[in-house]
Amino acid sequence: MLCRAPIHLVRQFSTSSCQFNVHKRTDNRSKSRVTVGDEFKLTDGRKIRFEIADNEDVELIVQDAVEGFVTHNNLLRCLDATHADIEPLLRKLIEPAVPAGGTVFAICDGNIAGLRVMSIYPRDQIVARFGPLPQPSVAPKAKFPKDFGEMVAAAPYDNFKTKQIHAFIHSLYDQLAQFLPADVNQLGFGEVLRIHGSFMDFGVAKAIYEVSEKLAREKGCDVMANVTTTRASTNIFALRKNFTAKYCLPYSKFVVNGDRPFLHPYDKCYGATINVGNLKL
14 MLCRAPIHLV RQFSTSSCQF NVHKRTDNRS KSRVTVGDEF KLTDGRKIRF
64 EIADNEDVEL IVQDAVEGFV THNNLLRCLD ATHADIEPLL RKLIEPAVPA
114 GGTVFAICDG NIAGLRVMSI YPRDQIVARF GPLPQPSVAP KAKFPKDFGE
164 MVAAAPYDNF KTKQIHAFIH SLYDQLAQFL PADVNQLGFG EVLRIHGSFM
214 DFGVAKAIYE VSEKLAREKG CDVMANVTTT RASTNIFALR KNFTAKYCLP
264 YSKFVVNGDR PFLHPYDKCY GATINVGNLK L
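Each residue of the sequence shown is one higher than the one before, starting from 14 at the first, in my numbering.
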């Protein structure tokens, strides 16, 4: 999932290790983390360094991701969602992912330009989150209900917007494993991508994806996967030779008690796409 913050918005947060806003996020832990990949030079001459996040960064990542999704994610804007609507979901994704060492910061002149959260799943842990692995002679097929109302009602949250987001995400995630290679050994799954406003349109998203893929290989992953919900992120993976779009949930097909909450995303993206990449290629 791709989130980018519009330049006009300024909101302040603070944690024990940094003070930041949407425009310029000073990271006091910069250069104390392990680096990964080569520096990336922007067209204006600035350089991006990639650092691996650790447990001390969890709260920063959660708050940064929440802010980015609320201000720019196409689906959350359809819902007019707030921080309270999305924080429980993102925290549940981020907190267990960061200790695995697959989350990357993009740092420029001591400021956070972006981040990518990646979970790592050994083969014996894939089924619990992503459903059954492929079966011999059985063609994988994504199935979605005609109306997601019951799934939304069953979501373990009180907030209706949170319930809708949860149902949407799980309808995609819970049947992913059948589309993975039968011999998958370890999966790197992209949970969140966040690019800051002043670093948009410089190719930072593509660069951080490439570094994330390098890190996944170093961690022993032979397959990567993610869900893309915006046109920008979907287009990036459409051009990557080792990635394939496996299935899509059109926004027009996400119906909740007769309503279509994601029918008109501002970026005119058609739907959410599951992408799977073979790191053996």
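C-beta: ideal position from N, C-alpha, C; glycine also.
Predicted, not measured: the structure shown is a model, and the values here were computed from it.
How big is the Cα-Cα spacing for residue i and residue j?
i: I221; j: A141; result: 28 Å
i: K254; j: D235; result: 15 Å
i: T175; j: A126; result: 27 Å
i: C282; j: N239; result: 16 Å
i: S211; j: V217; result: 11 Å
i: L262; j: Q177; result: 14 Å
i: V268; j: F143; result: 22 Å
i: E72; j: V165; result: 28 Å
i: F183; j: G203; result: The identity of residue 183 in the sequence shown is His, whereas the question assumes Phe. Between H183 and G203, the C-alpha separation is close to 15 Å.
i: N288; j: Y260; result: 8 Å
i: I249; j: P135; result: 26 Å
Under 6 Å Cβ to Cβ from residue i, same chain only, skipping five residues before and after it: list those, please.
i: T59; result: Residue identity check: residue 59 is Arg in the sequence provided, not Thr. Once the five neighbours on either side are set aside, the close Cβ partners of R59 are C121.
i: S45; result: none
i: G290; result: M237, N255 and F256
i: G50; result: F63, V224 and K227
i: G162; result: V269 and N270
i: F275; result: L88, C91, Y264 and F267
i: K54; result: K60
In three-state DSSP terms, what is residue i?
i: C234; result: coil
i: L89; result: helix
i: P274; result: coil
i: N172; result: coil
i: T247; result: helix
i: R207; result: strand
i: L55; result: coil
i: A8; result: Because residue 8 is not part of the residues shown, which for the chain are 14 to 294, the question remains open.
i: V75; result: helix
What does a CB cutoff of less than 8 Å around residue i pick up in its chain, not counting 5 residues either side in sequence?
i: V75; result: E100, L103, R104, I107 and E108
i: K232; result: A113, G114, G115, I133, Q199 and G201
i: T48; result: R62, F63, E64 and I65
i: A251; result: A258
Could you name the residues of the same chain whose beta carbon sits closer than 7 Å to that of residue i, not counting the 5 residues immediately before and after it, in chain order?
i: L56; result: The sequence shown places Thr at residue 56, not Leu. Contacts found: F215.
i: P278; result: N87, L88, C91 and Y264
i: V79; result: H96, I99, E100 and L103
i: P169; result: none
How about residue i: is its C-beta nearer than 8 Å to some C-beta of chain D?
i: P101; result: Of the protein chains in the structure, only one exists, and it is not chain D.
Where DSSP assigns a beta bridge to residue i, which residues make up the other side?
i: G284; result: P263
i: Q199; result: P135
i: T241; result: T286
i: A258; result: N288
i: A119; result: F63 and G127
Checklist line | Given 8 Å, three or more beta-carbon pairs between the region 126-135 and the region 85-102 | finding: Touching, no.
Next item on the list: Indicate whether the contact test is met: 3 or more Cβ pairs, each with one atom in the region 222-230 and one in the region 148-158, closer than 8 Å.
Entry: Contact fails: fewer than three Cβ-Cβ distances are below 8 Å.
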